[in-house]
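**Q** Here you go, one structure.
Numbering (our numbering), first residue to last: 6 to 203.
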């Protein structure tokens, strides 16, 4: 719903103060989205895909192209820039989709299971990138089942159980014991939910 793919079932969604129902085009212009699977046009070369994305945002400037080159370098896929995407590994496709979602410098990045298919170096690079983006004003809305990733990169965490938010706050606010991991917090909260219903 926050990406504008589906209308809200109730309530309102605001992105950077803009009501998504009233101006979904503007909201999409300031939002980046990475699904849990890297959907790409596999017959294109990686750079052709990047240019396609830049053209969608009407932002195929030298600055945007320089940013794309930077991300190809950062994710260590610069040698694949002019190769056909269908020959890429899952991890390379994931990196391409992530870098493409950042080229218009979104105010909000919605990303679902970002570490799937990434090698340890790629995952570390992405976590650092998330922190850098957040420090520079980008809001990152991350959905993951990997508790360690959420604990490492998220300032605020919402725990969802069966489609409902059952707890939210900072890691410190969610912990009952200062040494608890996010996984322990999740298990405690969802167990309490289960016991309450019984």
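For glycine and all other residues, C-beta sits at the position ideal for the given N, C-alpha and C.
Can you round the beta-carbon distance between residue 86 and residue 77 to whole angstroms, since I take them to be within the 8 angstroms contact cut?
**A** 6 angstroms
**Q** If contact is defined by three or more beta carbon pairs under 8 angstroms, each pair taking one atom from either stretch, is the segment 17-25 in contact with the segment 40-50?
**A** no
**Q** Got a sec, what are the start and stop residues for the beta strand (DSSP E) residue 85 sits in?
**A** Taken as a continuous stretch (DSSP letters only), residue 85 belongs to no beta strand (DSSP E), as it is neither H nor E.
**Q** Starting from residue 38, follow its DSSP beta bridges and name the residues at the other end.
**A** 115
**Q** Taking the beta carbon of residue 33 as the centre, do at least 16 other beta carbons fall within 10 Å, making it buried, or is it exposed?
**A** buried
**Q** Near residue 8, what residues of its chain come up, given a Cβ to Cβ distance below 8 angstroms and the 5 sequence neighbours on each side ignored?
**A** 33, 36, 38 and 115
**Q** Is the beta carbon of residue 108 less than 9 angstroms from the beta carbon of residue 55?
**A** yes
**Q** Check whether the segment 56-66 and the segment 132-143 are in contact - that is, three or more C-beta pairs closer than 8 angstroms.
**A** no
**Q** Under a three-way DSSP split, which group does residue 158 fall into?
**A** helix
**Q** Assuming residue 179 contacts residue 146 under a Cβ cut-off of 8 angstroms, what Cβ separation, rounded to an integer in Å, is found between them?
**A** 18 angstroms between Cβ atoms; not a contact.
**Q** What are the boundary residues of the alpha helix (DSSP H) that residue 127 is part of?
**A** 125-140
**Q** Work out the CA separation of residue 159 and residue 184 for me, nearest whole Å.
**A** Approximately 17 angstroms, taken between the alpha carbons.
**Q** Can you tell me whether residue 30 is buried or exposed, with buried defined as 16 or more other CB within 10 angstroms of its CB?
**A** exposed
**Q** Is it buried or exposed for residue 11, if we count other Cβ within 10 angstroms and need 16 for buried?
**A** exposed
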